[in-house]
Each structure stands twice: as structure tokens, then as C-alpha cells.
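Since the structure comes first, as C-alpha cells, the remarks are kept for the end.
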Amino acid sequence: MTTPFYVSPAQAMQDRAEYARKGIARGRSLVVLQYADGIVFVGENPSRALHKFSEIYDRIGFAAAGKYNEYENLRIGGVRYADLRGYTYDRDDVTARGLANVYAQTLGTIFSSQAEKPYEVELVVAEVGETAEGDQIYRLPHDGSIVDEHGSVAVGGNAEQISTYLDQRHNDGMSLSEALKLAVQALSNQTNGNEREIPADRLEVAVLDRTRPQKRKFKRIVGSQLARLLEPGGAEAAPSEPSADAAGESGEDSSGAEESGQ
Amino acid sequence: MEANSRSTGRLPAAFLTPGSSSFMDFLGEHSPELLPGNRALPAVQGAFEAPHGTTIVAVTFPGGVVIAGDRRATMGNMISQRDMEKVFPADEYSAVGIAGTAGLAVEMVKLFQLELEHFEKVEGAQLSLEGKANRLSTMIRGNLGMAMQGLAVVPLFAGYDVGRERGRIFSYDVTGGRFEEQGYTATGSGSVFARGSLKKLYRDDLTKEQAVTLVVQALYDAADDDSATGGPDVARRIYPIVVVIDDEGVDRLTPERSSEVAHSVVQHRMEQPDGPRAALL
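Just so you know, the protein sequences line up as chains A and B, in that order. Using UniProt numbering, read the first sequence as starting at 1 and increasing by one per residue. Using UniProt numbering, read the second sequence as starting at 1 and increasing by one per residue.
Laid out in C-alpha cells, this is it:
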């Protein structure tokens with residue numbers, strides 16, 4: 001029997017953080033931006049079925065970078081949390097702040113527990129308000145800390161670089177088309193000045209649109225509508241198709257797919 | 001565990017355990033006491049009265065389906081509510097109308113709506129219309145114990161089948177039996193009269209507007225002969241709830257539009273109290 005080496009708590013935490021950060025950096029980055037009518041989620045995702053963005057509740061959306069099976073697990077936990085809370089109390093009692101707190105506690109406990117490996121995920125929880133002032137965006141890094149963001153957020157491998165790019169160019173009054181184009185530029189700009197094209201069919205885009213008449217504000221933007229918005233000079237008055245909202249393709253539950261190394 | 005989910009603590013293990021996409025299954029494992037079917041029932045002595053919802057009618061037309069309900073809730077021979085809502089959109093492509101014990105029925109609808117939404121969010125795809133109809137069947141079966149004690153809930157389910165591109169109607173009995181109806185049907189205390197009315201006026205080539213008028217005619221006829229069904233209340237401006245479902249999704253008629261249709265029906269009845277005549281062959 002060997003005596004275990006002494007590892008200082010500080011060192012142990014640092015190792016765990018580095019492990020998680022490396023895992024997250026292997027995935028592709030994504031951005032979440034406020035625009036005039038709500039919040040838009042943009043990311044590069046070659047898969048049509050395994051989503052990075054999804055609906056949690058009426059006004060609340062979820063975005064994640066990192067390891068698919070881990071964030072998928074957290075996403076479903078969040079949907080269960082929101083639905084149970086809304087069923088027990090009222091739909092208005094489900095808030096992004098409450099959800100972000102639960103995620104922070106969950107990630108924090110996993111991060112500091114020696115028995116579990118830290119989750120290699122970074123989450124964004126966003127809630128669209130009645131007005132732009134009511135919008136809330138929370139970023140949740142792997143260690144369970146919680147950051148209240150405004151305007152634009154980037155998570156994933158090149159998050160810092162993309163954030164800086166966005167901070168200089170983003171403003172809250174942007175139209176959806178402008179915000180979307182800015183997000184794509186920021187994402188394609190990532191590898192140290194080397195710009196590369198991201199074709200529309202590799203983009204995953206979703207919005208929380210406060211002008212939608214339905215109580216569920218989350219909507220995926222796909223196909224011709226996405227193409228229209230990405231055109232130079234982009235047609236802004238994109239008619240919203242009632243069917244295309246939260247429903248995507250199935251197969252999302254075929255877990256295990258890890259996005260690292262894509 | 002229970003307390004945890006309500007405070008801001010860590011998500012309980014049950015929330016992060018991979019499992020079914022059904023909210024009802026999740027409730028059954030995590031908080032079984034919240035499921036309506038799990039309630040312990042006291043022994044009942046004598047008659048027990050709770051508000052009842054009455055008549056719901058549904059009619060298909062090429063390309064969709066219309067479902068409508070009157071607004072009256074009764075408790076014995078008393079009118080307990082004049083403006084009750086008994087037809088609810090269940091999701092983007094379906095709606096459910098309820099007759100029977102109002103309190104339980106409204107709770108069932110709330111859980112049913114959540115069940116469909118939860119599945120859609122978790123799976124990223126909608127249930128098929130058959131799947132939705134079967135899910136409702138399961139819920140009614142769970143209520144059998146209460147139905148045996150006189151607290152029955154009998155819903156009517158209507159939706160647009162995206163795969164088959166047409167409207168479909170499902171009716172239920174208290175045991176959870178599920179029956180697909182061709183063309184039209186009605187449920188609740190006034191349903192006998194409503195069905196007679198529908199039977200004479202229904203055609204399989206109705207336009208959407210004609211189908212909307214037809215359901216209001218049928219509700220008028222039900223209210224005419226069944227004291228528990230409320231007709232259009234012109235004085236209080238309370239009109240039937242009418243929901244149209246087609247390939248564009250669920251559309252609940254605005255109060256203005258519903259009042260327009262109801263007024264035109266009432267106007268005709270002033271001249272012809274028994275309503276429109278069907279041709280004698």
C-alpha cells in the first residue's frame with residue numbers, strides 16, 4: 001500500500017478547473033446577443049438533430065458549449081425543474097434567475113465534490129422580458145459561479161476573443177438580421193485573424209422573440225428564413241411560421257454523442 | 001427531495017437521471033402526491049355535488065377541425081358559473097374540450113398540456129396525434145376511482161394530424177376508452193340534442209366558416225333542450241368558445257368574431273325558432 005501524495009486544495013481545484021476548461025475548449029463556441037425584439041442564439045453546429053440551444057420554458061432559453069451528454073443532462077433537469085415549478089405554483093413563477101441558481105448550485109457541487117469529475121460544460125440561461133430592460137442573461141461556467149451578463153455573451157473555446165470582438169460592435173437596438181450577421185462574423189473570426197466562412201447550413205440559430213403572440217417565445221430559425229436574414233441588406237420582416245417553433249427533429253435523446261473533436 | 005426542488009439548492013438526483021420523456025412519469029417517481037390519480041379517496045355518504053361542465057361539440061371540415069363549448073357550469077339545478085371556459089388549446093395542433101366535474105377536468109387539462117409540452121421540449125419533436133389521444137386516455141383511466149364516486153371527466157379531443165393532413169376527433173368514455181369519430185360528435189349532458197342537430201346539418205364539404213356556424217347552431221339546439229347547457233348570453237355578452245385547428249395551428253376565435261357568429265345564429269332563430277331545416281331527401 002502506497003501513501004497518497006499530499007495535494008493542496010488550491011492545487012486540486014486548479015487541476016479540476018484546467019480539466020474542465022480544456023474539455024469546453026474542444027467544443028465550438030457560441031454566442032448569445034440581445035437585439036431589438038429579444039435575444040438571439042447563434043452557434044456553429046453541423047448536426048440538425050443534436051441541439052446546442054433549446055427551450056426551457058415560456059420565456060427561457062438554454063445554450064451550452066462543451067460535452068454533449070453532460071449539458072443534455074442538465075438541460076433535461078432544467079426542463080423538469082421548470083415544468084414542476086410551473087405546475088406546482090404558476091407559469092409566472094418560473095424565472096431564469098431561479099433556474100440559473102439551481103444550475104449554479106448543481107455545477108458547483110459537482111465541481112467541488114472529489115467523488116465526481118467536473119462537468120466540461122459552460123451554460124447560458126436567458127430570459128426575454130416584456131421590454132429590453134427586462135431581458136436577463138446568465139452565464140454559468142463549469143465551476144458553478146454565475147455571471148449576470150448584458151448585451152452579448154460568448155461561451156466555449158474562443159470565448160474571450162469573440163467577446164472582445166462583440167463588445168466593440170454590439171448595441172442593444174440592433175435588428176435581428178444585424179445581430180445575426182455580427183454573431184456570424186464574430187464566430188468566423190475566431191482563429192487569430194484567420195477568417196473562415198461558416199455556411200448557413202452549419203449554423204444553428206434560435207430566438208426568444210418577445211413579439212411572438214404565443215406565450216412560448218422560443219423559436220428556431222431555419223431554412224429560407226435564416227437565408228433571408230443572412231442576405232446582405234437582409235429582409236427584416238421575416239414572417240414567423242407558427243409551426244417551426246420548438247419542434248425539431250427527434251433523436252436528440254440518443255445521448256452519448258460528444259462534440260469534442262468535431 | 002421535494003423541498004429541494006422548490007428551494008434554490010442543487011437539482012435532486014431524480015432530475016438528472018436519464019429516463020422517460022413524460023412529465024407524468026417524472027411526477028409519478030419524484031412527487032407522486034401531485035398526480036391526480038394518486039389521491040386517497042374518502043368513503044362517500046349520500047350525494048356529493050361539484051360544479052359540472054356540460055356540452056362540447058366538434059366538427060371536421062376538409063383541412064381541419066372545429067371544437068366548441070358552451071359556457072355554463074351547473075351544480076345540481078343551480079347555475080354555478082355563466083362564463084366558464086371548457087375548451088382549451090392543448091398544444092400548437094390540438095385542443096381539448098371538457099365535460100364532467102369541472103375542478104378535476106381543468107386540472108386534467110393543465111396536466112395534459114404540460115405533458116405534451118414537456119415531451120416536445122425533451123425530445124425536440126411533437127407527439128403524433130394518436131400519441132396525444134392515447135396519453136389523454138391514460139389520464140382518464142387514472143381518474144376511474146373518482147369517476148366511480150360520481151366525479152367523472154369526459155373530454156373531447158380534436159386536432160390536426162400533420163402526417164395525414166386532416167382534422168380528427170376523438171371521444172372518450174369514463175373508463176378511458178378512446179373512439180375516433182367520423183365527421184362530428186358531442187359530449188356532455190346536452191350532447192344528445194347537439195348530436196341530433198349536427199347529424200341533420202353536417203356535410204363533408206363544409207367550409208371553415210360553415211363549420212364554425214354549425215357548431216354554434218348545435219350548441220344553440222343543446223341549450224334549447226338541456227337546462228344544464230347555456231345558450232349565447234346576449235345580455236351579458238357571453239358567447240361560446242370556438243377553436244379552429246388547421247395546418248396553421250390552433251386559432252381561438254376572438255370574442256368579437258364569436259359574438260358575430262352567435263348573433264347571426266340568434267337572429268335566424270328569431271324568425272325560425274327550430275333552426276335551419278335539412279332537406280327531406
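We put the CB at the ideal spot given by N, CA and C, even for glycine. As the structure is a prediction and not an experimental result, all values here were calculated from the model.
Tell me, which residues are paired with residue i by DSSP?
{"i": "Y57 (chain A)", "result": "A:I60"}
{"i": "Y184 (chain B)", "result": "B:V59"}
{"i": "R210 (chain A)", "result": "Its beta-bridge partners do not exist; DSSP assigns none."}
{"i": "G159 (chain B)", "result": "B:S94, B:R168"}
{"i": "P89 (chain B)", "result": "B:A95"}
{"i": "M75 (chain B)", "result": "B:M78"}
{"i": "D251 (chain B)", "result": "B:V244"}
{"i": "T101 (chain B)", "result": "B:H52"}
{"i": "I221 (chain A)", "result": "A:V205"}
{"i": "F5 (chain A)", "result": "F5 (chain A) pairs with nothing; no bridge assigned."}
I'd like the list of long-range same chain contacts for residue i, defined as Cβ closer than 6 Å, with 5 residues on each side in sequence excluded.
{"i": "A222 (chain B)", "result": "T55, G190, F193, A194, T229"}
{"i": "A218 (chain B)", "result": "V57, A194, S197, L198"}
{"i": "E120 (chain A)", "result": "A20, G23, I24, G66, K67"}
{"i": "T211 (chain A)", "result": "D37"}
{"i": "M108 (chain B)", "result": "M139, V153"}
{"i": "F41 (chain A)", "result": "V32, F53, A63, A206"}
{"i": "R196 (chain A)", "result": "S188"}
{"i": "A147 (chain B)", "result": "V174"}
So that I know if they touch, is there some Cβ in chain A lying closer than 8 Å to that of residue i?
{"i": "G124 (chain B)", "result": "yes"}
{"i": "K121 (chain B)", "result": "yes"}
{"i": "G103 (chain B)", "result": "no"}
{"i": "G53 (chain B)", "result": "no"}
{"i": "F157 (chain B)", "result": "no"}
{"i": "R10 (chain B)", "result": "yes"}
{"i": "D114 (chain B)", "result": "Note on identity: in this sequence residue 114 (chain B) is Leu, with Asp being the wrong assignment. Yes, its Cβ sits closer than 8 Å to a Cβ of chain A."}
{"i": "L127 (chain B)", "result": "no"}
{"i": "E253 (chain B)", "result": "Residue identity check: residue 253 (chain B) is Leu in the sequence provided, not Glu. For L253 (chain B), the answer is no, since every Cβ of chain A falls outside 8 Å of its Cβ."}
{"i": "L136 (chain B)", "result": "no"}
{"i": "L280 (chain B)", "result": "no"}
{"i": "L16 (chain B)", "result": "yes"}
Which word fits residue i, buried or exposed, when buried means at least 16 other C-beta atoms lie within 10 angstroms of its C-beta?
{"i": "N171 (chain A)", "result": "exposed"}
{"i": "T131 (chain A)", "result": "exposed"}
{"i": "A115 (chain A)", "result": "exposed"}
{"i": "G145 (chain B)", "result": "exposed"}
{"i": "K215 (chain A)", "result": "exposed"}
{"i": "N73 (chain A)", "result": "buried"}
{"i": "N143 (chain B)", "result": "buried"}
{"i": "P239 (chain A)", "result": "In this prediction, P239 (chain A) scores a pLDDT of 45, lower than 50, which makes its location untrustworthy; no coordinate-derived value is stated."}
{"i": "N78 (chain B)", "result": "A small correction: the amino acid at residue 78 (chain B) is Met; Asn does not occupy that position in the sequence shown. Burial call: exposed."}
{"i": "Q11 (chain A)", "result": "exposed"}
{"i": "T3 (chain A)", "result": "exposed"}
{"i": "G76 (chain B)", "result": "exposed"}
{"i": "P46 (chain A)", "result": "exposed"}
{"i": "Y6 (chain A)", "result": "exposed"}
{"i": "G131 (chain B)", "result": "exposed"}
{"i": "G163 (chain B)", "result": "exposed"}
{"i": "E271 (chain B)", "result": "exposed"}
With a cut-off of 8 Å, does the C-beta of residue i fall near any C-beta of chain B?
{"i": "E160 (chain A)", "result": "no"}
{"i": "I146 (chain A)", "result": "no"}
{"i": "I76 (chain A)", "result": "yes"}
{"i": "V79 (chain A)", "result": "yes"}
{"i": "D92 (chain A)", "result": "no"}
{"i": "Q105 (chain A)", "result": "yes"}
{"i": "D209 (chain A)", "result": "no"}
{"i": "A238 (chain A)", "result": "Because A238 (chain A) carries a pLDDT of 45, less than 50, the predicted location of this residue cannot be relied on, and the following value inherits that uncertainty. No, no contact with chain B."}
{"i": "G87 (chain A)", "result": "Here residue 87 (chain A) turns out to be Tyr, not Gly, going by the sequence shown. Chain B, which has a Cβ nearer than 8 Å to the Cβ of Y87 (chain A), makes this yes."}
{"i": "T95 (chain A)", "result": "no"}
{"i": "D143 (chain A)", "result": "no"}
{"i": "D172 (chain A)", "result": "no"}
{"i": "D167 (chain A)", "result": "no"}
{"i": "N189 (chain A)", "result": "no"}
{"i": "D201 (chain A)", "result": "no"}
By Cβ distance below 7 Å, which residues in the same chain neighbour residue i in space, the five residues on each side in sequence not counted?
{"i": "A262 (chain B)", "result": "V216, P232, Y239, P240"}
{"i": "F48 (chain B)", "result": "G150"}
{"i": "L201 (chain B)", "result": "L214, Q217, P276, A278"}
{"i": "V79 (chain A)", "result": "I56"}
Among residues of its own chain, excluding the 5 on either side of residue i, which ones have a beta-carbon nearer than 8 Å to its beta-carbon?
{"i": "G108 (chain A)", "result": "D143, G144, S145"}
- Select from the region 7 to 18 of chain A all residues with a C-beta closer than 7 Å to any C-beta belonging to chain B, and list them in chain order. none
- Message: Residues of the region 20 to 37 of chain B in Cβ contact with chain A at a cutoff of 9 Å, in chain order, please.
- Response: Listed by position along the chain: S21, F23, F26, L27, H30, S31, L34.
- Message: Residues of the region 256 to 273 of chain B in Cβ contact with chain A at a cutoff of 8 Å, in chain order, please.
- Response: none
- Task: Quick one: which residues of the region 165 to 185 of chain B get their C-beta closer than 7 Å to a C-beta of chain A? List them in chain order.
- Result: Answer in chain order: no residues at all.
- Residues from the region 186 to 203 of chain B in contact with chain A, defined by Cβ distance under 9 Å: Sequence-ordered contacts of the region 186 to 203 of chain B with chain A are nonexistent [C-beta pairs closer than 9 Å].
- Message: Residues of the region 30 to 57 of chain A in Cβ contact with chain B at a cutoff of 8 Å, in chain order, please.
- Response: Answer set for the region 30 to 57 of chain A: A49, H51, S54, E55, I56.
- Message: Please list, in chain order, the residues of the region 70 to 101 of chain B that have any C-beta partner in chain A closer than 9 Å.
- Response: Correct list: E92, Y93.
- Task: Note down, in chain order, all residues in the region 103 to 134 of chain A with a beta-carbon under 7 Å from any beta-carbon belonging to chain B.
- Result: Q105, T106, T109
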